[in-house]
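Residue numbers (this note's numbering): 59 to 642.
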């Protein structure tokens, strides 16, 4: 049987599945006399070549992958005939692997899934027909209970169940007798390719609101099937649509099939162009992890409120989105803060923005610290209240904007575009003067330099400008954790008081302004290790610092510590010592 261009799934050990297409079937020179499949895998990491293999100094091509990646490989077929089990057909491969060449029906998948979960009765003895599908049952009463259980389902997840293009009965019968109440249906990562069957199925499910088709490489096309007017959210991520289709064509086809859609995900589809979306009244579009590069041209979007274009190679944005509230630009190539100067005009209602892993953030944070990134963003986009997932209050915005103004006046930073700079000065009643001292705010609102030293050798381990009034001990620990690459659970912060005693900063909600770290020497102890033989209910730790005798430490309330030398003490003796101390 010829399986070229068939959707297939490789079943490996421990339940692993790899989806792909057969691009070649026959023998190849490196394996004479052995029939094999040439597969183009959905996941490029699974591939080893592009359809060509070396043989005796030459590179011989047997097929060509449709993407510019090494996503192809060859699999040897055993001489066994095509086999069937659990509703799907497969061929045996070498090393005990199995290649599914025909998926099961949706009805079979439902029976298999809920039988495996023991959520519905097993069907035995007698039979009922769903179209041409014969199913076993206990009897009339249990059959009615089975159908009632199915019809009570609101959320149905059939991910990774090897479903092909056959339903197993008419869509109307499935909708009326099994899935009459389903509102959220996931068919993700199966073997479906027929767009018209998907639309027909969705149209028959009158209560359906959310449909998830991720991982199915669908042949999206204009269809004569009646549109589905109930679905408002559709996810079609990682379906390879951009390999052979234009994004605007896909959007038009989706719009025709699901005219009431307001949330759509087209993430990870290899699209190189952004579609005009004014023809479909989307409020949310996920276009992340595609192949957009350079300037993103939005056109004029009136309805769109949420846009995710992260994980692309975008350098700038043109266009207007007057209703946009959330914009995710993370993991792109934006390298100039000036690109943000026009955002107030382009996105007048923007409330949330994500910019992590862009050159503007990584370079600025490396030189100035993350607070300068926040100052840049708030000063240039007046409507934003949430940055990289964190909300900021009006007082925090004031501090960051005044800090930014001071740095521009001190000529440490270049001016933003004229309208941005003018609006900032007008907001705080300032003039465009070079005298930085005319910035009117209290000294407590200024950022301060904080240094944290390593308790083992005294070397500066962390140094950054922070705002003491709004930076908590917990946030400072987080900054140190990122900078040094160690978990916040593996170090503590301490300050040396004037009398030489040590106070541990363990209240993560306290602002560092009130912690005394600017008036005393701050230092970092990196290695607190659990004592293996100690009572696990006691907070017993061992502090190890070079050049200092190892100390056993038991942390009590309010940062107070009990310390004992470890010299000549066994672990049981240490435990007994601390237990007695605890009893005291």
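Even glycine gets a Cβ: it sits at the ideal position worked out from N, Cα and C. Please read these numbers as outputs of a predicted model, since none were measured by experiment.
- Residue 424 and residue 276 have their C-alpha atoms roughly 44 Å apart.
- Between the alpha carbons of residue 213 and residue 253 lies a distance of about 22 Å.
- Taking the C-beta atoms as reference points, residue 434 is found nearer than 8 Å to residue 462.
- Rounded to whole angstroms, the gap between the alpha carbons of residue 310 and residue 110 is 36 Å.
- A residue is called buried when at least 16 other Cβ atoms come within 10 angstroms of its Cβ; residue 118 does not meet this threshold and is exposed.
- Under the DSSP definition of a beta bridge, residue 143 partners with 146.
- The three-state reading of DSSP puts residue 121 in coil, since its state is none of H, G, I, E or B.
- By the CB criterion at 8 Å, residue 358 and residue 378 fall inside the cutoff.
- Just so you know, the alpha carbons of residue 264 and residue 303 end up roughly 29 Å apart.
- When 315, 98 and 362 are compared, the shortest CA-CA separation from residue 61 is found for 98.
- Here the alpha carbons of residue 132 and residue 211 stand approximately 42 Å from one another.
- Between the alpha carbons of residue 298 and residue 539 lies a distance of about 38 Å.
- The region 89-97 makes no contact with the region 162-174: fewer than 3 CB pairs, one atom from each, lie closer than 8 Å.
- In this structure the region 348-355 touches the region 314-327; the number of beta carbon pairs closer than 8 Å is three or more.
- Distance from the Cα of residue 450 is smallest, within the candidate group 134, 410, 464 and 225, for 410.
- Contact between the region 230-246 and the region 59-77 is absent, with fewer than three C-beta pairs closer than 8 Å.
- Within the same chain, 430, 431 and 434 come within 7 Å of residue 422 by CB-CB distance, once the 5 residues on both sides are set aside.
- Three or more pairs of CB atoms, one per stretch, sit closer than 8 Å, so the region 441-450 contacts the region 395-411.
- By the neighbour-count definition (other C-beta atoms within 10 Å, threshold 16), residue 427 is a buried residue.
- A Cβ-Cβ separation of about 15 Å leaves residue 566 out of contact with residue 524 under the 8 Å criterion.
- Straight through space, the alpha carbons of residue 473 and residue 480 are spaced by roughly 10 Å.
- With respect to the 8 Å criterion, residue 375 and residue 393 are not classified as neighbours on the basis of their beta carbons.
- For a cut-off of 8 Å, the C-beta gap from residue 320 to residue 295 is around 17 Å, too long to register as a contact.
- Inside the region 397-430, DSSP marks whole beta strand (DSSP E) runs of 3 or more residues at positions 410-412, from first to last along the chain.
- In this structure, residue 437 keeps its C-beta atom at 8 Å or more from the C-beta atom of residue 406.
- In this structure, residue 290 lies near residue 267, with their beta-carbon atoms less than 8 Å apart.
- With fewer than 16 other Cβ atoms inside 10 Å of its own Cβ, residue 89 counts as exposed.
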